[in-house]
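Numbering (my numbering), first residue to last: 1 to 228.
Heads up: the structure comes next, in structure tokens.
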Amino acid sequence: MPASPPAYRLAIFDLDGTLADSLGWFLGAINLMAGRHRFRRVEAHEVDMLRGQGARQILAHVGLPLWKLPAVTADMRRLMSRDIATIRLFPGVDDALAQLDASGMALALATSNSRANAERILGPQNSARFRHFACGSALFGKRGKYEKLLHQAGVRAAEAVSIGDEIRDAEAARACGLDFAAVAWGYTLPDALQATAPRALLHDMDELLAFLLGQKPASAGVHASAMR
1 MPASPPAYRL
11 AIFDLDGTLA
21 DSLGWFLGAI
31 NLMAGRHRFR
41 RVEAHEVDML
51 RGQGARQILA
61 HVGLPLWKLP
71 AVTADMRRLM
81 SRDIATIRLF
91 PGVDDALAQL
101 DASGMALALA
111 TSNSRANAER
121 ILGPQNSARF
131 RHFACGSALF
141 GKRGKYEKLL
151 HQAGVRAAEA
161 VSIGDEIRDA
171 EAARACGLDF
181 AAVAWGYTLP
191 DALQATAPRA
201 LLHDMDELLA
211 FLLGQKPASA
221 GVHASAMR
């Protein structure tokens with residue numbers, strides 16, 4: 001019996017926290033940025049509390065004004081470029097992207113990271129599986145990136161889905177009329193993501209493939225608790 005066609009024509013992936021396991025790096029980098037750009041450090045006991053909040057709440061907590069964001073973001077990208085060898089993809093990403101690409105679904109990447117960093121983290125084989133890129137977006141610029149990717153792909157919002165790990169991903173997707181699938185292994189805690197009413201809350205790569213391709217999840221997937 002032939003396989004069913006994918007549920008969507010276009011899947012728009014976030015990078016950090018969704019495909020790339022960069023939270024540990026980020027927590028160290030943000031405190032380095034705090035010293036350079038004069039905002040409050042994040043203490044170890046605050047991490048879980050902040051992982052339950054949206055980006056604007058986090059910025060307010062550390063006292064980082066919006067006007068400083070472009071300089072901080074650019075500095076973070078440069079720092080990640082230096083540390084790129086320490087950033088790894090989550091287990092199962094290579095196989096998941098290969099299966100999605102083979103299904104005929106178009107893959108796109110929307111990230112505030114630079115394209116150079118993204119391609120180095122993904123590697124040449126995975127990078128080649130993405131047909132469209134929208135990189136270097138401002139922290140709150142994802143709606144525009146989603147709209148650009150839909151236009152590039154020639155796909156209606158109803159035919160596309162955003163896959164991400166942050167509340168701002170959910171908000172941008174909703175503003176564009178996109179379905180949003182949240183991953184439970186990234187920067188934001190699952191309960192906070194569930195509160196955004198995603199189309200799906202995915203706990204491992206088997207669930208991601210099942211959601212996007214209509215497959216039955218394998219009995220022994222790489223669960224969110226084992227992703228780090």
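Ideal Cβ placement from N, Cα and C applies to all residues, glycine included.
Nothing here was measured: the structure is a model prediction, and the numbers come from that model.
Around the beta-carbon of residue 191, fewer than 16 other beta-carbon atoms lie within 10 Å, marking it exposed. Excluding sequence positions up to five before and after residue 211, its CB lies within less than 7 Å of the CB of 181, 200 and 202, all in the same chain and listed in chain order.
Contact between the region 75-82 and the region 24-34 is established, with three or more Cβ pairs separated by less than 8 Å. Residue 10 and residue 153 do touch by the CB rule: their CB atoms are close to 5 Å apart, below 8 Å. Taking a C-beta distance under 8 Å as the contact criterion, residue 54 and residue 165 do not qualify as a contact pair. For a cut-off of 8 Å, the C-beta gap from residue 176 to residue 157 is around 6 Å, short enough to register as a contact. Per DSSP, the unbroken alpha helix (DSSP H) holding residue 47 starts and ends at 47-50. According to the DSSP secondary-structure assignment, residue 88 is paired through a beta bridge with 21. Residue environment: residue 207 is assigned as buried (16 or more neighbouring CB atoms within 10 Å of its CB, all protein chains considered). Close CB contacts of residue 178 within its chain, under the 7 Å cut and outside five residues either way in sequence, are with 146, 157, 160, 161 and 162 (chain order). With respect to the C-alpha of residue 188, the residue from 7, 6, 32 and 21 having the closest C-alpha is 21. Shown here, residue 39 sits in coil according to DSSP, grouped into three states, outside any helix or strand.
Linking residue 172 to residue 143 through their CA atoms gives a straight-line distance of about 5 Å. Rounded to the nearest angstrom, the gap between the Cα atoms of residue 141 and residue 58 is 17 Å. By a beta-carbon distance limit of 8 Å, residue 149 does not contact residue 130. Their separation comes to about 10 Å. Looking at the backbone, the Cα of residue 183 and that of residue 93 are separated by about 12 Å. By the criterion of a C-beta distance shorter than 8 Å, residue 47 is surrounded in its chain by 27, once the five residues flanking it on both sides are discounted. Taking 8 Å as the upper bound for CB-CB distance, residue 198 and residue 104 are not in contact here, some 24 Å apart.
In the structure shown, residue 188 falls within a coil segment according to DSSP collapsed to helix, strand and coil. A residue is called buried once 16 or more other Cβ atoms fall within 10 Å of its Cβ, and residue 214, having fewer, is exposed. Between residue 119 and residue 127, the CB-CB gap stays under 8 Å.
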